[in-house]
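Q: In terms of numbering that gives the first Met the number 0, the sequence shown is residues 0 to 332.
Backbone N, C-alpha and C define an ideal beta-carbon position, used for all residues, glycine too.
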Amino acid sequence: MIRIDGSYGEGGGQILRTAVALSCITGKEVEIFNIRANRPKPGLAPQHLKGLEVAKMISNASVEGLKLGSTRIVFRPRGIRGGEYKIDIGTAGSITLILQTILPPLLFADKPSKLEIIGGTDVAWSPTIDYFENVTLRALREMNCSVKLRLVARGYYPKGGGRVFVEFEPSKIRGKEFFESSGKIEGVSHCQNLPEHVAIRQKESASRFLLEKGLNSEIRVEIHTGISTGSGITLWSGYKGGSSLGERGRRAEEVGVEAAKNFYGEFSNKGVFDSHLADQVMVFAAVASGKTKYTTTRFTDHLRSNEYVIKSFFGEILKLNEPEMSVEIRGRS
Numbered sequence: 000m001i002r003i004d005g006s007y008g009e010g011g012g013q014i015l016r017t018a019v020a021l022s023c024i025t026g027k028e029v030e031i032f033n034i035r036a037n038r039p040k041p042g043l044a045p046q047h048l049k050g051l052e053v054a055k056m057i058s059n060a061s062v063e064g065l066k067l068g069s070t071r072i073v074f075r076p077r078g079i080r081g082g083e084y085k086i087d088i089g090t091a092g093s094i095t096l097i098l099q100t101i102l103p104p105l106l107f108a109d110k111p112s113k114l115e116i117i118g119g120t121d122v123a124w125s126p127t128i129d130y131f132e133n134v135t136l137r138a139l140r141e142m143n144c145s146v147k148l149r150l151v152a153r154g155y156y157p158k159g160g161g162r163v164f165v166e167f168e169p170s171k172i173r174g175k176e177f178f179e180s181s182g183k184i185e186g187v188s189h190c191q192n193l194p195e196h197v198a199i200r201q202k203e204s205a206s207r208f209l210l211e212k213g214l215n216s217e218i219r220v221e222i223h224t225g226i227s228t229g230s231g232i233t234l235w236s237g238y239k240g241g242s243s244l245g246e247r248g249r250r251a252e253e254v255g256v257e258a259a260k261n262f263y264g265e266f267s268n269k270g271v272f273d274s275h276l277a278d279q280v281m282v283f284a285a286v287a288s289g290k291t292k293y294t295t296t297r298f299t300d301h302l303r304s305n306e307y308v309i310k311s312f313f314g315e316i317l318k319l320n321e322p323e324m325s326v327e328i329r330g331r332s
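This is the structure:
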């Protein structure tokens with residue numbers, strides 16, 4: 000059995016998501032202890048519990064400690080099952096964080112899978128759905144991961160109600176050396192149950208900021224009605240992105256500028272991947288055939304957490320070179 004210390008590094012949900020995904024793929028039992036031990040509320044939060052329940056469902060696993068506040072779980076998978084699943088996270092739990100747990104295993108399923116996921120598409124502390132579709136999935140498709148995503152409705156905090164359809168084909172993931180990717184700067188500025196001018200002002204302030212840096216952008220505007228109320232903007236180019244979400248009492252111009260600053264901070268850096276994509280690709284690289292290599296803008300706590308979990312499963316297949324900000328992973332396949 001693999002034993003993982005859940006308090007390692009930043010000690011958050013990333014360790015849990017990565018360990019459970021690799022357990023499903025390898026068939027190895029995993030014990031995770033000290034889960035979120037250093038947090039104000041230790042143990043499993045609702046988002047983590049839902050991720051485990053979904054992973055249990057797709058892998059026919061037995062799980063010890065599957066309850067709110069649990070600081071220890073034992074996950075025993077029994078084979079990944081493709082098929083059709085409907086997953087209602089409840090309120091505005093992050094759809095993209097659920098996908099981080101189940102996307103890698105479902106690429107190793109016995110047959111194709113179709114998922115309908117209901118929850119939050121644009122919520123704090125997680126990749127936006129537009130980032131996931133245009134940055135994360137772009138890189139994964141270049142590693143031969145067959146994933147199609149369709150956004151039907153957006154969901155914001157606290158009510159959620161976002162709806163996404165995802166299709167998976169079993170895939171032979173291939174390692175890849177990633178180089179600079181040129182491309183235009185694109186984006187989407189959106190709002191729901193709010194006046195149209197909110198999304199327009201977000202777009203215009205982001206465009207102005209980038210233009211002052213000598214950069215042109217193509218940002219489309221989306222206006223929706225739905226269950227939840229909110230706004231946001233995501234920008235991307237190649238393997239880099241940046242985003243910001245609206246909040247009650249916050250000016251739309253501030254939201255747009257923050258997204259542009261977040262994007263520009265990554266875009267202007269010489270690394271090939273932005274700091275978030277760098278950790279998201281690691282799990283796929285670890286179970287790919289061949290070597291994956293890329294540079295990034297900085298090493299995040301999530302990246303260090305993934306390094307720890309991957310080495311716990313596979314040993315020294317991973318090299319981080321801090322002076323060069325490079326990641327090299329020899330896939331186990």
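Ignore the nearest five residues each way along the sequence and tell me which others in residue 220's own chain have a CB closer than 7 Å to its CB.
A: For the purposes of this step, residue 220 is taken as the residue at position 221 of the sequence shown. Sequence-distant partners of residue 220 (beyond 5 residues in either direction) whose C-beta falls short of 7 Å from its own C-beta, in its chain, are 188, 198, 199, 202.
Q: Can you find at least 3 beta carbon pairs, one from the region 245-261 and one from the region 203-222, that sit closer than 8 Å?
A: yes
Q: Three-state secondary structure (DSSP) at residue 106?
A: For the purposes of this step, residue 106 is identified with residue 107 of the sequence shown, where counting begins at 1. Three-state result, residue 106: coil.
Q: DSSP three-state label for residue 310, please.
A: Residue mapping note: residue 310 aligns to position 311 of the sequence shown, counting from 1. It is helical.
Q: Restricting to Cα atoms, I'd like to know which of 94, 116, 103 is closest to residue 85.
A: Start at 1 with the first residue of the sequence shown, and residue 85 comes out as number 86. Closest by alpha carbon: 116.
Q: Taking the beta carbon of residue 50 as the centre, do at least 16 other beta carbons fall within 10 Å, making it buried, or is it exposed?
A: Here residue 50 is taken as the residue at index 51 of the sequence shown, counted from 1. Buried.
Q: Would you kindly check if the distance between the Cβ of residue 208 and the Cβ of residue 1 is under 8 Å?
A: Here residue 1 is taken as the residue at index 2 of the sequence shown, counted from 1. Here residue 208 is taken as the residue at index 209 of the sequence shown, counted from 1. Cβ atoms of residue 1 and residue 208: not closer than 8 Å.
Q: Nearest-angstrom Cα distance between residue 314 and residue 104?
A: Here residue 314 refers to the residue found at position 315 of the sequence shown. Here residue 104 refers to the residue found at position 105 of the sequence shown. Each residue's alpha carbon lies about 20 Å from the other.
Q: Taking 8 Å as the threshold, find out whether the region 235-245 comes into contact with the region 160-173 through three or more Cβ pairs.
A: no
Q: Are there three or more Cβ pairs, one per stretch, closer than 8 Å when the region 136-150 is compared with the region 271-282?
A: Flag = yes, the region 136-150 and the region 271-282 touch.
Q: For residue 162 versus residue 223, is the C-beta distance shorter than 8 Å?
A: Along the sequence shown, one-based indexing puts residue 162 at 163. Along the sequence shown, one-based indexing puts residue 223 at 224. The Cβ-Cβ distance between residue 162 and residue 223 does not fall below 8 Å.
Q: Can you give me the C-alpha to C-alpha distance between residue 180 and residue 263, rounded to a whole angstrom?
A: In the sequence shown, residue 180 corresponds to position 181, counting from 1. In the sequence shown, residue 263 corresponds to position 264, counting from 1. Computed Cα separation, rounded: 15 Å.
Q: If you measure from the CB of residue 213, is any heavy atom of the ligand MG nearer than 7 Å?
A: No copy of the ligand MG appears in this structure; indeed no ligand is present at all.
Q: Count the other CB atoms, across all protein chains shown, that sit within 10 Å of the CB of residue 126; report buried if there are 16 or more and exposed otherwise.
A: Here the question's residue 126 lines up with position 127 in the sequence shown. Note on residue 126: 16 or more other CB atoms within 10 angstroms of its CB, so buried under the neighbour-count rule.
Q: Considering just the uninterrupted stretch of the alpha helix (DSSP H) at residue 17, what are its terminal residues?
A: For this step, residue 17 is matched to residue 18 along the sequence shown. Annotation for residue 17: the continuous alpha helix (DSSP H) segment containing it runs 12-25.
Q: In whole angstroms, what separates the C-alpha of residue 335 from that of residue 43?
A: Only positions 0 to 332 of the chain appear in the structure, and residue 335 is not among them; the question remains open.
Q: Under 8 Å between the Cβ atoms of residue 286 and residue 3?
A: For the purposes of this step, residue 286 is taken as residue 287 along the sequence shown, with counting starting at 1. For the purposes of this step, residue 3 is taken as residue 4 along the sequence shown, with counting starting at 1. The answer is no: Cβ separation not under 8 Å.
Q: Rank 122, 291, 284 by C-alpha distance to the C-alpha of residue 245 and give the top, closest one.
A: Working through the sequence shown from its first residue, we reach residue 245 at position 246. Nearest option by C-alpha distance: 122.
Q: Counting pairs of Cβ atoms below 8 Å between the region 95-104 and the region 14-31, do you hit three or more?
A: Flag = yes, the region 95-104 and the region 14-31 touch.
Q: Closer than 8 Å, CB to CB, is residue 177 near chain E or not?
A: In the displayed structure, chain E is absent; only one protein chain is listed.
Q: Please check the pair residue 31 and residue 48, which I expect to be a contact at CB under 8 Å, by giving their CB distance rounded to whole angstroms.
A: Numbered from 1 along the sequence shown, position 32 holds the residue referred to as residue 31. Numbered from 1 along the sequence shown, position 49 holds the residue referred to as residue 48. Contact flag wrong, Cβ pair sits at about 13 Å.
Q: Would you identify the three-state DSSP class for residue 303, choosing helix, strand or coil?
A: Locating residue 303 in the sequence shown gives position 304, counting from the first residue. DSSP places residue 303 in helix when its eight states are reduced to three.
Q: Using only the alpha-carbon positions, how far apart do residue 284 and residue 196 sit?
A: As a working note, residue 284 is residue 285 in the sequence shown. As a working note, residue 196 is residue 197 in the sequence shown. Their backbone Cα atoms lie some 42 Å apart in a straight line.
Q: Tell me the start and end of each unbroken beta strand (DSSP E) in the region 244-311 that is at least 3 residues and wholly inside, in chain order.
A: 290-294
Q: Using the DSSP secondary-structure output, state which residues sit across from residue 178 in a beta bridge.
A: Counting from 1 along the sequence shown, the entry for residue 178 is found at position 179. Answer is none; residue 178 lacks a bridge partner.
Q: Write down every uninterrupted run of the alpha helix (DSSP H) in the region 40-114 whose length is 4 residues or greater and which is fully enclosed by it, in chain order.
A: 45-58, 94-105
Q: Any idea if residue 74 is buried or exposed, counting beta-carbon neighbours within 10 angstroms, 16 or more meaning buried?
A: As a position in the sequence shown, residue 74 is number 75, starting the count at 1. When all chains shown are included, residue 74 counts as buried.
Q: Contact check, residue 41 vs residue 58 under 8 Å by CB: the rounded distance?
A: Taking the sequence shown and counting its residues from 1, one reaches residue 41 at position 42. Taking the sequence shown and counting its residues from 1, one reaches residue 58 at position 59. That belief does not hold up - the Cβ atoms of residue 41 and residue 58 are roughly 26 Å apart, past 8 Å.
Q: Which residue wins for smallest C-alpha separation from residue 236, given the options 8, 98, 267?
A: The sequence position of residue 236 within the sequence shown is 237, counting from 1. Residue 236 has its Cα closest to that of 267, out of 8, 98, 267.
Q: Using the C-alpha atoms, what's the distance from residue 298 back to residue 8?
A: Walking along the sequence shown from the start, residue 8 turns up at place 9. Walking along the sequence shown from the start, residue 298 turns up at place 299. Distance between the alpha carbons of residue 8 and residue 298 is about 12 Å.
Q: Give the DSSP-derived three-state secondary structure of residue 333 in the structure shown.
A: In this structure the chain extends from 0 to 332, so residue 333 is not present and cannot be described.
Q: At which residue ranges does the region 115-195 contain complete beta strand (DSSP E) runs of 3 or more residues, listed in the order of the chain?
A: 145-152, 161-168, 184-191
Q: Determine the DSSP secondary structure at residue 202, reduced to helix, strand or coil.
A: By 1-based counting over the sequence shown, the position of residue 202 is 203. In the structure shown, the three-state DSSP call for residue 202 is helix.
Q: Would you grab the beta carbon distance between residue 119 and residue 94 for me? Rounded to a whole angstrom, and I think it's under 8 Å.
A: Counting from 1 along the sequence shown, the entry for residue 119 is found at position 120. Counting from 1 along the sequence shown, the entry for residue 94 is found at position 95. So it is a contact: roughly 6 Å between Cβ atoms.
Q: Determine the DSSP secondary structure at residue 319, reduced to helix, strand or coil.
A: Taking the first residue of the sequence shown as 1, we reach residue 319 at position 320. It is a strand residue.
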